[in-house]
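First the structure, in the form of structure tokens, and then the observations on it.
2 protein chains.
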Amino acid sequence: MLTTPTPAILIDLPMVRRNIARLAEYGLTHKLNIRPHTKTHKSIRMARLQLEAGAIGLTAAKVSEAITMAEAGDDIFIAYPALDAWRTEHLAGLAKSRTVRVGVDSEFAVDAIAAAARSAGVTVGILVDIDVGLHRTGVQSPGDALKLAQHISRSGGVRLDGMMCYPGHIKAPLPEQPAALASVSQILREAMDLFERAGLEAKMVSGGSSPTAYQSHHTPELTEIRPGTYIYNDMSVVSCGYVGIEDCAARFTCTVVSTAVPGKFVIDAGSKSLTQDLRSKDPQSAGFGHVVEYPQAIITRLTEEHGEVDARQCEHRPKLGERVHIIPNHICPCINLHTMAWLNDGEGHSEPMTIDARGQIW
Amino acid sequence: MLTTPTPAILIDLPMVRRNIARLAEYGLTHKLNIRPHTKTHKSIRMARLQLEAGAIGLTAAKVSEAITMAEAGDDIFIAYPALDAWRTEHLAGLAKSRTVRVGVDSEFAVDAIAAAARSAGVTVGILVDIDVGLHRTGVQSPGDALKLAQHISRSGGVRLDGMMCYPGHIKAPLPEQPAALASVSQILREAMDLFERAGLEAKMVSGGSSPTAYQSHHTPELTEIRPGTYIYNDMSVVSCGYVGIEDCAARFTCTVVSTAVPGKFVIDAGSKSLTQDLRSKDPQSAGFGHVVEYPQAIITRLTEEHGEVDARQCEHRPKLGERVHIIPNHICPCINLHTMAWLNDGEGHSEPMTIDARGQIW
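Order-wise, the sequence lines are chains A and B. Here the first sequence stands for residues 47 to 408, where the numbers follow the numbering used here. Here the second sequence stands for residues 47 to 408, where the numbers follow the numbering used here.
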């Protein structure tokens, strides 16, 4: 690797397999389907590993991502209110050869998807997106979920498959969040009861997020979960206490390019490779990633191509030209900034891997 | 544009031409060379417009960017301590057919570049990077600048061309920053005097940044400036008082995808298209961009593909499916997230433009 350029993402394949296997086993134990979110890796190869380990299907955020991921799997859930002309047309097109479902929170979206589906001669599955506490998207009550479900069941071109939620507001492990988890459960249960009384079925109840993944059995309403980050992990999940640094399968290799300013060193990774994302916990003090070889160092400022690292608490500073490794705060948007990553097989061999869905924001 | 996907970047070509012409005229008036930083647009076409308007050459942050920009111009300055094996080898290669200069702050970097240049049979120009207050990179005193200049002048394969500085710490217009500007001037002047007494010449003194661009004549030591953002502008330069919203030539078009949560609307642009970058001024309160049609709205939270907008101060909320336009806080890393942009000619015609150097972080 000596003459390969930096910054670059290194992915440890045995660790990836371990992370995938651990969640697959959890799913088997608790009879929960796993539908991994592919926004994290944006890689057809990684999606295939997840499916081979028993994932029931794949999740995508955007329709363009789903189209790429259709190379890996034939059952794709778009966890996004895809309601504009471009997206509805393309997801209906995808539904000609794949099982396609979409999570939506409005009659407008249902009507737009239904019209595109009818026009393409296909049926698209719909999950009612219900807000369980993040307050980003999602209908606001079990009663509103029922109303939307009834609208779906009356529409041609779409099929009511159930509900989805995204508990992105829960960022600490049990037992710190029992009230928040109980509230998720209660909202879903009430909606399911209303559906049942109205003669509708929520066959699928899809939850998600890597932080809450291993707490999912405390929400017995769920039939499946959609974690993404768990395949690689990052400092955000580490700082929340879910995994250790030894579980982080993706790291950056960077070169030290300046040590001119006292107490500091500068790496060749800035906001255009690491992103300005902070950690979920201690966002202000923890800096923009963890320097593996210099754990006392703090990445204090990122400009576009420079990462400034405060080394005053370190025993010594790295030398110019030295390579250091960084575990990013939030791996998902970092991966999206890179065209390729190096996949290490754990036995000293590396090969380039394309980030297939990089930049697919449509 | 009705069935084109969102989010997308729209660029107003007449406004681009005006922004370029205004700086070109300033340069002529004050006998300052303009060497635009191409990290902002990462576009060969935009670089050509800048050169046609009289720019003396181009600036790049990374060597990979410089290689792409060599299609537009034959004189390129890499304002980055490019000292690793991959970069020195590739910049020496580029120097076979182009005038290549690099800004460095260490003997280590000089030696690495000199060795690669000698091995390729070329000469690379070097500017001594001197810290004028940002404390990111740069030698720490005029005396250290002289020492590095002497080292360069004794080395084969490299040629001492002068000095560079980056006054990125100055973020407000005159007369708010007279002391900071005077200090930049004094540091450069002292170094130039030392060079002269030692029989060395600083033919080029390269300053930079869009925020300080139109204050450059207050630093009479400069022979050239390297602004980047000025071609498009963004809410950071607007919030600092340098330009108005009417000077922002690049904006996002987004679709409203959810209005389920009261007081809010959600756009289909999140951190994977807008970035988490805050404004230079009022970073905490101003949000993640300016919504043109709803100026009272605040983009309060970005997750990867969702932008949550607080609309409580707006007279009304946009409808589902409505397109709104956003001026980002920091246009440079946004452009880098997009594969293409739409170039509008001001007469109703749009054409796609590739972001040629997107993702070139090496």
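All C-beta atoms in this analysis are idealised placements derived from N, C-alpha and C, irrespective of residue type, glycine included.
In the DSSP assignment, residue 378(B) falls outside any beta strand (DSSP E) and lies within the alpha helix (DSSP H) extending over 377-381.
The Cβ of residue 53(B) sits closer than 8 Å to at least one Cβ of chain A.
Within the segment 362-378 of chain A, the residues whose Cβ lies closer than 7 Å to some Cβ of chain B are 366, 367, 378, listed in chain order. The closest CA to that of residue 279(B), considering only 66(B), 51(B), 49(B), 235(B), is found on 66(B).
At a cut-off of 8 Å between C-beta atoms, residue 323(A) counts as an interface residue with respect to chain B. Leaving aside the five residues that flank residue 207(B) on each side, the residues in its chain whose CB is nearer than 7 Å to its CB run, in chain order, 147, 171, 172, 173, 249, 250. Boundaries of the beta strand (DSSP E) harbouring residue 310(B): 310-313, taken from the DSSP string. Taking one beta carbon from each stretch, the segment 356-372 of chain B and the segment 152-160 of chain A have 3 or more pairs nearer than 8 Å; the two touch.
Bridge partners of residue 156(B) according to DSSP: none are assigned. Per DSSP, the beta-bridge partners of residue 148(B) are 124(B), 172(B). If you draw a straight line from the Cα of residue 330(A) to the Cα of residue 62(B), it is about 37 Å long.
Spatial neighbours of residue 338(B) in its own chain (CB-CB distance under 6 Å, excluding positions within 5 residues in sequence) are listed in chain order as 371.
For residue 97(B), the enclosing alpha helix (DSSP H) stretches over residues 90-98. Here residue 321(B) is buried, its C-beta having at least 16 other C-beta atoms within 10 Å. For residue 142(B), same chain residues with a beta-carbon under 6 Å away, outside a window of 5 residues either side, are 168 in chain order. Burial is judged here by how many other beta carbons sit within 10 angstroms of a residue's own beta carbon; residue 130(B) has at least 16 and is buried.
The beta carbons of residue 89(B) and residue 402(B) sit about 6 Å from each other, so the pair counts as a contact at 8 Å.
DSSP, reduced to helix, strand and coil, places residue 254(B) outside both helices and strands of the structure shown, so it counts as coil.
In the three-state reduction of the DSSP assignment, residue 241(A) falls in the helix class. 301, 303, 304, 305, 306, 307, 308, 310, 312, 314, 315, 317, 318: these are the residues of the segment 287-318 of chain B whose beta carbon lies less than 8 Å from some beta carbon of chain A, given in chain order. In the assembly as shown, residue 245(A) is an exposed residue. Its beta-carbon has fewer than 16 other beta-carbons within 10 Å.
For residue 280(B), no beta strand (DSSP E) segment is defined, and its DSSP state is neither H nor E.
With contacts defined as CB atoms closer than 8 Å, residue 217(B) and residue 294(B) fail to qualify as a contacting pair. Interface with chain A (8 Å Cβ-Cβ cutoff): residue 185(B) is included. Per DSSP, residue 188(B) is one residue of the alpha helix (DSSP H) stretching across 188-199. A check of alpha carbon separations from residue 348(A) across 382(B), 95(B), 323(B), 354(B) identifies 323(B) as the nearest. Within chain A, the residues whose beta carbon sits less than 8 Å from that of residue 349(B) are 182, 214, listed in sequence order. Here the alpha carbon of residue 234(B) sits roughly 21 Å from the alpha carbon of residue 102(B).
For residue 398(B), the beta-bridge partners assigned by DSSP are 388(B).
Relative to the Cα of residue 281(A), the nearest Cα in the group 332(A), 305(A), 273(A), 342(A) belongs to 332(A). Taken in chain order, the members of the segment 127-139 of chain A whose beta-carbon sits within less than 9 Å of a beta-carbon on chain B are 127, 128, 129, 130, 131, 132, 133, 135, 136.
Per the coordinates, the alpha-carbon of residue 64(B) lies some 56 Å from the alpha-carbon of residue 229(A). A straight line joining the alpha-carbon of residue 240(B) with that of residue 145(B) spans about 27 Å. Judged by DSSP in its simplified three-state form, residue 372(A) adopts strand.
Taking C-beta separations shorter than 7 Å and ignoring five residues to either side along the sequence, the partners of residue 195(B) in its chain run 174, 206, 241, 246, following chain order. In terms of beta-carbon proximity, residue 217(A) stays away from the interface with chain B, with every pair separated by 8 Å or more.
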